[in-house]
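In what follows, a single structure is set out as structure tokens and then discussed.
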Amino acid sequence: MTIGCPECGALQDIAPLAPRSVARCRICRYPLERRSGRSVDAALACAATTFVLLFPANLAPLMTVHMLGAERSSLLASGIVSIWRDGWLMLALLLGAFGIVLPFVRFGGLALVLAAVRFGWRFRGMGRLLRWTIRLDAWSMPDVYLVGCFVGYARVTQNLTGTIGAGGYCFIVAALMSMLTRATLDRRTLWRALGAEHTLRAGERALSCTVCDLVMPVTHENQPCPRCGLKLHKRKPDAVVRAAALSLAALVLTVPANLYPMTVSLQLGQHGAHRIVDGVYQLFDSGLWPFGILIICTSIIIPVAKVIGMGWFIVSVRRRSRRHLRTKAHLYRWIDELGRWSNVDVFTIAAFVPLIRFDGMAWARPAIGATAFALAVVLTMAASHAFDPRMMWDVHSRSRS
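For the sequence shown, the working numbering begins at 155 and goes up steadily by one.
Rendered as structure tokens:
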């Protein structure tokens, strides 16, 4: 079975794997296929459970806080609605899409495809639906939203009494099941159920799909992939230019994201404006140092590392550098995987903003830094997806798709 490595482009012949084994690319060591813990049945159970639990998680009360006899409860969407009403439309749209809309789309579509494969059904557009659910993996963020809720709940309950509602417990389980879905999803088995790998003739030039890794003759360039429907290209069109433009825009937005406040608040007559570093200091000062370290990593270290890393990759391609290729491949993988977790800080705002609304005694609202930060995260994620890591390996003459 010949497939193309999505990171270095090398053609790989993979024999059927034994249980609990891993097939890695012989060039860049990318894990091409895993058997340990992967199962269509397990992924179907996890995806379906996630999809079902998202309904009570969104409809039942998430958290409740008490202050001087007053009580405030919130739903999962309450913070996003509050942000919208405060005039931060772009921030509300991004958080609503990542935290509420896309999880329903991804896990509903994925459960449908997994059920079809499990029970032997077939329907038109099945490959395209699977492609979109895989593409939405990075952009659907119930797990990131959950961590943001934990941080927000911890900050609120430092001064107020709080309880977690039925929706909160459902959301905790749904987010955990979403992570289990990612861990148990056997993508290779799903793609093979939709179409077998193509057998190349000796010396035949080939290209590979960047979603399902199907290898096809180079004559199929600019045609839809037979399995997933993606238009096939030897390399992603204008990958370097698009990645550079998106990374530069993210770098520009990083400045206001760190200099301007993420939130403004009023508590017991005292106004305050809080930047990322101020929020970290408050967490450490309150004894919540694990959350402080988490915010440092997700909101400061990872965003900076993403921009620097993308700059390194782009310069390497332009200079056709042969140095540290495996290191760059591993770094690209981490950047592409961890980029979504930078949204923890903005989801934290969505979690605690609706709970601090007590008739002039206390309130909290997002500020301009939150929108700049969210856009910077989105742009760096888009940059890593637009970049084609195989271009870094094109300096070698080994057999490549």
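Beta carbons are placed, not taken as given, at the ideal position from N, Cα and C, and that holds for glycine. Quantities reported herein were computed from a predicted structural model and do not represent experimental measurements.
Pairwise C-alpha distance: residue 527 and residue 228: 24 Å
Extent of the continuous beta strand (DSSP E) run through residue 167: 165 to 167
Going by beta carbon distance, what residues of the same chain come within less than 7 Å of residue 471, once the five residues before and after it are set aside? 394, 545, 546
Cβ pair count under 8 Å reaching 3, the segment 256 to 270 against the segment 200 to 210: yes
Between the alpha carbons of residue 435 and residue 453, how many angstroms are there, rounded? Between the alpha carbons of residue 435 and residue 453 lies a distance of about 13 Å.
Under the rule that 16 or more other beta-carbon atoms within 10 Å means buried, what is residue 377, buried or exposed? exposed
For residue 385, which beta-bridge partners are listed by DSSP? 378
Cβ pair residue 369, residue 501 closer than 7 Å: no
Just the Cα atoms here: how many angstroms apart are residue 328 and residue 338? 15 Å
Any chance the segment 483 to 499 sits against the segment 291 to 305, with 3 or more Cβ pairs inside 8 Å? yes
Could you tell me the distance, in whole angstroms, from the CA atom of residue 485 to the CA atom of residue 160? 15 Å
Between the segment 345 to 354 and the segment 244 to 255, are three or more C-beta pairs nearer than 8 Å? Pairwise C-beta distances place the segment 345 to 354 out of contact with the segment 244 to 255, as fewer than three of them are shorter than 8 Å.
Given residue 358, which residues of its chain have a CB within under 7 Å of its CB, disregarding the five upstream and five downstream residues? Here residue 358 has 371 as same chain residues with Cβ atoms under 7 Å from its own Cβ, once five neighbours each way along the sequence are excluded.
Indicate whether residue 537 and residue 397 have their beta-carbon atoms separated by less than 7 Å. yes
Output the distance between the C-alpha atoms of residue 458 and residue 354, rounded to the nearest integer angstrom. 43 Å
Among the candidates 488, 529, 318, whose CA atom is the shortest distance from the CA of residue 226? 318
When you compare only the Cα positions, how much space is there between residue 331 and residue 311? 26 Å
To which residues of the same chain is residue 316 closer than 8 Å at the C-beta, ignoring the five residues directly before and after it? 217, 218, 219, 220, 307, 310, 509
Identity of the residue in 193, 438, 467, 246 nearest residue 540 by Cα: 467
CB-CB under 6 Å to residue 531, same chain, minus the five flanking residues each way: which ones, in chain order? 496, 497
Roughly how many whole angstroms lie between the Cα atoms of residue 548 and residue 157? 17 Å
Are the CB atoms of residue 197 and residue 290 within a distance shorter than 7 Å? no
Contact under 7 Å by Cβ, residue 281 with residue 363: no
For residue 220, write down the residues that DSSP places opposite it in a beta bridge. 225, 315
Taking the beta carbon of residue 460 as the centre, do at least 16 other beta carbons fall within 10 Å, making it buried, or is it exposed? By the 10 Å Cβ count, residue 460 comes out buried.
My output table needs one value for residue 349: the three-state DSSP class, helix, strand or coil. coil
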